[in-house]
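Comments concern the structure below.
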Amino acid sequence: MVLPEYGSHLSPSDLMSRLRGRFHLPTLLTVLPVLALLAIIALAAGVPAQTRGTESDAKALLDKTSGYLRQHGAEGAADAFAQRDGALIDRDLYPMLIDRDGVMVAHGWTPSLNGVNLKDLKDVDGKPFIQEALDIVAERDAGAVSYKWTDPLSGQIAPKTMIVRRIVLGGEPYLLSVGVYR
Numbered sequence: 094m095v096l097p098e099y100g101s102h103l104s105p106s107d108l109m110s111r112l113r114g115r116f117h118l119p120t121l122l123t124v125l126p127v128l129a130l131l132a133i134i135a136l137a138a139g140v141p142a143q144t145r146g147t148e149s150d151a152k153a154l155l156d157k158t159s160g161y162l163r164q165h166g167a168e169g170a171a172d173a174f175a176q177r178d179g180a181l182i183d184r185d186l187y188p189m190l191i192d193r194d195g196v197m198v199a200h201g202w203t204p205s206l207n208g209v210n211l212k213d214l215k216d217v218d219g220k221p222f223i224q225e226a227l228d229i230v231a232e233r234d235a236g237a238v239s240y241k242w243t244d245p246l247s248g249q250i251a252p253k254t255m256i257v258r259r260i261v262l263g264g265e266p267y268l269l270s271v272g273v274y275r
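Heads up, the sequence shown is in the numbering used here, so the first residue is 94 and it goes up one at a time.
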């Protein structure tokens with residue numbers, strides 16, 4: 094390596110020796126970690142931590158989940174939905190299967206809700222969104238319900254749209270849904 098100010102060829106060890114003379118070790122030990130942290134922050138700022146699913150992604154997941162349920166039935170839904178790294182979870186998108194009485198059969202994000210009757214559940218504005226979704230699939234095959242819910246990624250209340258579809262499994266009607274934050 095040739096450095097113009099020295100006018101000669103320096104080996105890497107000569108260069109390190111000259112740098113050691115200019116910088117004190119305690120200063121380097123303080124400055125280098127800070128520079129490394131700043132570099133990591135700068136790189137991370139250009140990349141979203143986790144991309145969000147879109148409405149078209151939610152519809153695709155709804156189709157995929159419908160296919161799975163038609164093949165395997167409602168019985169295995171809770172186990173299949175609970176696998177966070179499985180095929181039925183996509184980023185912040187997850188399916189929910191609710192029976193016609195409002196009982197959660199399978200929840201893709203919070204399996205502890207399985208078996209709980211959510212028919213009277215309301216959002217922060219008092220909107221009975223589960224009942225509204227049940228009414229939609231009782232009257233027609235599909236639709237959407239908008240409500241406000243806690244976003245699992247931000248922890249903040251955010252607008253959400255639940256895309257709903259009626260699915261018949263074993264002769265019984267169910268509400269299948271995937272929600273997308275807007």
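Note that beta-carbon positions come from the ideal geometry of N, C-alpha and C, so glycine has one too.
Could you check if residue i is buried or exposed, using at least 16 other CB atoms within 10 Å of its CB as the buried criterion?
i, result
"residue 170", "buried"
"residue 173", "buried"
"residue 270", "buried"
"residue 200", "buried"
"residue 360", "Coverage of the chain is limited to positions 94 through 275, which leaves residue 360 absent and any answer about it impossible."
Hey, would you say residue i sits closer than 8 Å to residue j, going by beta carbons?
i, j, result
"residue 268", "residue 257", "yes"
"residue 196", "residue 208", "yes"
"residue 223", "residue 241", "no"
"residue 255", "residue 238", "yes"
"residue 156", "residue 183", "no"
"residue 188", "residue 158", "yes"
"residue 37", "residue 210", "Absent from the model: residue 37. The displayed extent of the chain is 94 to 275, so no value can be given."
"residue 253", "residue 233", "no"
Output the boundary residues of the alpha helix (DSSP H) element that contains residue i.
i, result
"residue 152", "148-165"
"residue 228", "222-232"
"residue 192", "Where residue 192 is concerned, there is no enclosing alpha helix (DSSP H), although the beta strand (DSSP E) it sits in stretches over 188-192."
"residue 175", "Neither: residue 175 is in no alpha helix (DSSP H) and is coded neither H nor E."
Quick check on the DSSP output: the beta strand (DSSP E) that includes residue i runs from which residue to which?
i, result
"residue 265", "265-274"
"residue 250", "250-262"
"residue 180", "Element bounds for residue 180: n/a, residue is neither H nor E."
"residue 239", "235-243"
"residue 209", "Looking at the DSSP string, residue 209 is not in any beta strand (DSSP E), and its letter there is neither H nor E."
"residue 198", "197-200"
Taking 7 Å as the limit between beta carbons, can you name the residues of its chain near residue i, skipping five residues before and five after?
i, result
"residue 245", "185, 202"
"residue 167", "190, 198, 262, 263, 267"
"residue 226", "238, 255, 257, 268, 270"
Kindly list the residues whose CB is nearer than 8 Å to the CB of residue i, restricted to its own chain and excluding five residues on each side of it in sequence; keep chain order.
i, result
"residue 147", "273"
"residue 265", "167, 192, 193"
"residue 152", "256, 271"
"residue 249", "243"
"residue 251", "241, 242, 243, 244, 274, 275"
Please decide whether residue i counts as near chain B, where near means a Cβ-Cβ distance under 8 Å.
i, result
"residue 196", "In the displayed structure, chain B is absent; only one protein chain is listed."
In chain order, what residues of the same chain have a beta carbon less than 6 Å from the beta carbon of residue i, not counting five sequence neighbours either side?
i, result
"residue 154", "183, 186, 271"
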